[in-house]
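J.: Quick one: the structure is below, questions incoming.
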Amino acid sequence: MITTYLTSIKVAFNPFQATSRVPRLFLNLLPPEAHKTIKISAIQYPRTSKAPALLELGLKDGKTMNYTWEAEASGADGKAQKTKRAGLKDIVEEVNRHARGLARKEELTG
């Protein structure tokens, strides 16, 4: 993952919920020296919290990427509704794609 253009990361999650898996794994992908160049804010909710997991990424060009993961919600008929959630691979691909675009722009401007 290209972390050169990341400026801030805000993560909030309950480590005991399955929906917190992607934000936790994203933090694991960061290189050990990332805290020197990236402002990292991690909030850990208590075990009883029902708040959704949150991942917010800030980039050098001012763009922010926000992701939230909530527990499955029940529909009107009592069945759980399936919604497509962003996975770790999707987020890493989007960060890399945006970083490559910023690198091209930086290279062209000199």
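Quick note: the sequence shown uses this note's numbering, first residue 21, plus one each step. Cβ atoms here follow ideal geometry from the backbone N, Cα and C, with glycine treated the same way.
Skipping 5 residues on each side, what residues in its chain have a beta carbon closer than 8 Å to that of G107?
T.: Numbered from 1 along the sequence shown, position 87 holds the residue referred to as residue 107. The residues are V42.
J.: In the DSSP output, which residue or residues are listed as bridge partners for L77?
T.: Working through the sequence shown from its first residue, we reach residue 77 at position 57. L77 is bridged to I29 and M85.
J.: Is it the case that the Cβ atoms of S28 and K59 are separated by a distance below 9 Å?
T.: What you label residue 28 is simply residue 8 of the sequence shown in a count that begins at 1. What you label residue 59 is simply residue 39 of the sequence shown in a count that begins at 1. Yes. Within cutoff.
J.: Specify the secondary structure class of I111 as computed by DSSP and reduced to three states.
T.: By 1-based counting over the sequence shown, the position of residue 111 is 91. Helix at I111.
J.: Name the two residues that bound the continuous beta strand (DSSP E) containing K59.
T.: Translated into positions along the sequence shown, residue 59 becomes position 39. K59 -> beta strand (DSSP E) spans K59 to Q64.
J.: Apply the 10 Å Cβ neighbour rule to L75 and answer buried if 16 or more other Cβ atoms are within range, or exposed otherwise.
T.: Taking the first residue of the sequence shown as 1, we reach residue 75 at position 55. Classification for L75: buried.
J.: For T88, which residues from the same chain have a beta carbon less than 6 Å from its beta carbon, with the 5 sequence-adjacent residues on both sides left out?
T.: Stepping through the sequence shown from its first residue, residue 88 is reached at position 68. Here the set comprises P72 and L74.
J.: Distance, Cα to Cα, N34 vs G78?
T.: Taking the first residue of the sequence shown as position 1, residue 34 is located at position 14. Taking the first residue of the sequence shown as position 1, residue 78 is located at position 58. Between N34 and G78, the C-alpha separation is close to 22 Å.
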